[in-house]
Amino acid sequence: MKLELEKLFLNDGEIQDFSYEFSLGSTEINGVRPFVSPVSVKGRAESRAGAVELDARVSFDFSIPCDRCAERIDTHYDYGFHHVLVPSQKENDSELYIAVKDRKLNLDELVREDILLELPSKFLCRPDCKGLCPKCGKNLNDGPCGCVSHPVDPRLEVLKQLID
Numbered sequence: 176m177k178l179e180l181e182k183l184f185l186n187d188g189e190i191q192d193f194s195y196e197f198s199l200g201s202t203e204i205n206g207v208r209p210f211v212s213p214v215s216v217k218g219r220a221e222s223r224a225g226a227v228e229l230d231a232r233v234s235f236d237f238s239i240p241c242d243r244c245a246e247r248i249d250t251h252y253d254y255g256f257h258h259v260l261v262p263s264q265k266e267n268d269s270e271l272y273i274a275v276k277d278r279k280l281n282l283d284e285l286v287r288e289d290i291l292l293e294l295p296s297k298f299l300c301r302p303d304c305k306g307l308c309p310k311c312g313k314n315l316n317d318g319p320c321g322c323v324s325h326p327v328d329p330r331l332e333v334l335k336q337l338i339d
């Protein structure tokens, strides 16, 4: 969705509400396409002192395998974002501002970037996930597998004696 900002930059106090959906179904994360529903975006752009304050709320369903045990994680995300948009980049602008060229903003691209930055870097089914046994592949969250524990590297055997 293209957000037209011309009126907002020209008229202080101008408000533009928006609500729409778009798909991130082709976006891959770790080789998986986890966005199982369209992204719902609702928000408001408001002109203040020559800049535009953009507040948006996004929600979507997400399904991805756990990074440790490969169990499917199905969850619903709901995030809020705030940005300050300015018509052009000046020398003293900080990185908190987004410079808008041609007074039009590709809202889909901005929302996509915000979502990807907000998602965790590691997806776990639960914080204490034990993962899979490296020998037999059993999910250790379901209980021990009975495999013999890993042998100690012979070069570190001396350190093991210190612990015993």
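Heads up: the sequence shown begins at 176 in this note's numbering, then just goes up one per residue.
Backbone N, C-alpha and C fix where the C-beta goes; we use that ideal spot for every residue, glycine too.
Computed from a predicted structure; not experimentally measured.
A contact between stretches requires three or more CB pairs, one per stretch, nearer than 8 Å, and the segment 228-236 fails this requirement with the segment 312-327.
The beta carbon of ASP283 sits closer than 8 Å to the beta carbons of MET176 and PHE197 from its chain, once the five residues preceding and following it are set aside; these are given in chain order. Only buried fits SER222, as 16 or more other CB atoms lie within 10 angstroms of its CB. Nearest Cα to HIS258 within the set ARG232, GLY318 and ARG330: ARG232.
Here DSSP, grouped into helix, strand and coil, assigns GLU221 to strand.
Taking the Cα positions, ASP317 is about 58 Å away from GLY188. The beta carbon of SER212 sits closer than 6 Å to those of PHE235 and ASP236, all from its chain and outside the five residues before and after it, given in chain order. Just so you know, the alpha carbons of GLN191 and LEU180 end up roughly 9 Å apart. Taken in chain order, the complete alpha helix (DSSP H) segments of 4 residues or longer contained in the segment 181-230 are 181-185. Across the structure, ASN205 and ASP249 are spaced so that their CA atoms are roughly 16 Å apart. For VAL333, the three-state secondary structure derived from DSSP is helix. By the beta-carbon neighbour count (other beta carbons within 10 angstroms, threshold 16), LEU291 is exposed. CA-CA distance, CYS300 to CYS311, rounds to 20 Å. Minimum Cα-Cα distance from SER215 among the listed residues SER194, GLU203, ALA224 and THR202 corresponds to SER194.
DSSP lists VAL261 as the bridge partner or partners of ALA274. A distance below 8 Å separates the beta carbons of LEU178 and ALA220. By the neighbour-count definition (other C-beta atoms within 10 Å, threshold 16), PRO295 is an exposed residue.
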